[in-house]
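Take a look at the structure below.
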Amino acid sequence: MTTPSMSLPRPVTLAGQAITLRTLLPGDAEAMHAAIVESSPALSTTMLWWHEGFSLNETRDWAETCQSLWDQGQHYEFAILSGPAEGYLGSCAMSGLNKQQSKANLSYWVRTSQTGKGIASQASRLVAQWAFRSLGVQRIEIVVVSTNLPSRGVALKAGATQEGILRNGLWWNGRPYDAVVFSFIPEDFSL
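Per the numbering used here, the sequence shown starts with residue 134, numbered consecutively.
Encoded structure:
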């Protein structure tokens, strides 16, 4: 079994029914930024990293940083694509790896024009299965601001178990928010 701190080779490609996930690469920055701009109204109320005027340079920096974080075994970000090498739909990432507790955190977002099609739930399942096999974790958490009903729906549609509400579980924009925690364990995938 691998450990959550282990560096894994990249790029990695995961194939779904209607989507492909691939390690986020620096060359994805422009397409990712276009999706961020398109989705700004939704991201402003759902993603902790978003801020007004999120720039192309910030996106490029993030794509570069993801390469280093992957190599360090700290963060595994996947571009969600509409086919093997087609349009950028969003991202799905595994982060917050805790070796002692054998767990990690799963996050996702899909550009506004592609929401409601099951993309995020399919991506979540693919990345979770990959993490159980490749990282050896035994628990994956999805933590969502309680008012983010679409993201909560994604977690449930993906088959995650809703475990409870963390009062003041997330700090965002200078204030606490309640958060809903969902989880996957290997048995959810017959692994």
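Cβ coordinates follow ideal geometry from the N, Cα and C atoms, glycine included.
Inset, instruction - Tell me whether Pro-142 sits in a helix, a strand or coil according to DSSP, three-state version. - result: Counting from one through the sequence shown, the residue named residue 142 turns up at place 9. Pro-142: coil per DSSP, three-state reduction.
Legend entry - Same chain only: Cβ atoms within 7 angstroms of Val-314, ignoring 5 sequence neighbours per side: The residue labelled residue 314 in the question sits at position 181 within the sequence shown. Taken in chain order, the residues that qualify are Glu-274, Val-276, Glu-296, Gly-297 and Leu-299.
Legend entry - Rounded C-alpha distance that separates Ala-237 from Asn-281: As a working note, residue 237 is residue 104 in the sequence shown. As a working note, residue 281 is residue 148 in the sequence shown. When rounded, the distance between both Cα atoms is 21 angstroms.
Legend entry - Residues near Leu-158 in its chain [Cβ-Cβ closer than 8 angstroms; skip 5 each side]: Residue mapping note: residue 158 aligns to position 25 of the sequence shown, counting from 1. Around Leu-158: Pro-144, Ala-196, Gln-200 and Ala-212.
Inset, instruction - Taking only beta-carbon positions, decide if Ala-226 is within less than 8 angstroms of chain B. - result: Note that chain B does not occur in the displayed structure, where there is just one protein chain.
Legend entry - Rounded C-alpha distance that separates Arg-285 from Gly-160: Working through the sequence shown from its first residue, we reach residue 285 at position 152. Working through the sequence shown from its first residue, we reach residue 160 at position 27. Distance between the alpha carbons of Arg-285 and Gly-160: 30 angstroms.
Inset, instruction - Measure the CB-CB distance between Ser-327 and Trp-203 and report whether it falls below 8 angstroms. - result: Examination of residue 327 is not possible in this model, given that the chain is present from 134 through 324 alone.
Legend entry - Per DSSP, the bridge partner or partners of Ser-240: Stepping through the sequence shown from its first residue, residue 240 is reached at position 107. Answer by DSSP bridge pairing, in chain order: Ala-226.
Inset, instruction - Assign Gln-233 to one of two classes, buried (16 or more other C-beta atoms within 10 Å of its C-beta) or exposed (fewer than that). - result: Within the sequence shown, residue 233 is the residue found at index 100, counting from 1. Per the 10 Å Cβ criterion, exposed.
Inset, instruction - Using alpha carbons as the reference points, say which of Met-165, Gln-247, Gln-255 and Tyr-209 lies closest to Asn-190. - result: On the sequence shown, residue 190 is found 57 positions in, with the first residue counted as 1. Minimum Cα distance to Asn-190 is reached at Met-165.
Legend entry - Neighbourhood of Thr-136 by C-beta distance below 7 angstroms, restricted to the same chain and skipping five residues each side: If you number the sequence shown from 1, residue 136 lands on position 3. In this predicted model, Thr-136 has a pLDDT of only 44, less than 50, meaning its place in the structure is not dependable; the value taken from the coordinates is given anyway. Closer than 7 angstroms at Cβ, skipping near neighbours: Lys-232 and Gly-269.
Legend entry - Local Cβ density within 10 Å of Thr-192, reported as buried at 16 or more and exposed below that: Counting from 1 along the sequence shown, the entry for residue 192 is found at position 59. So Thr-192 counts as buried.
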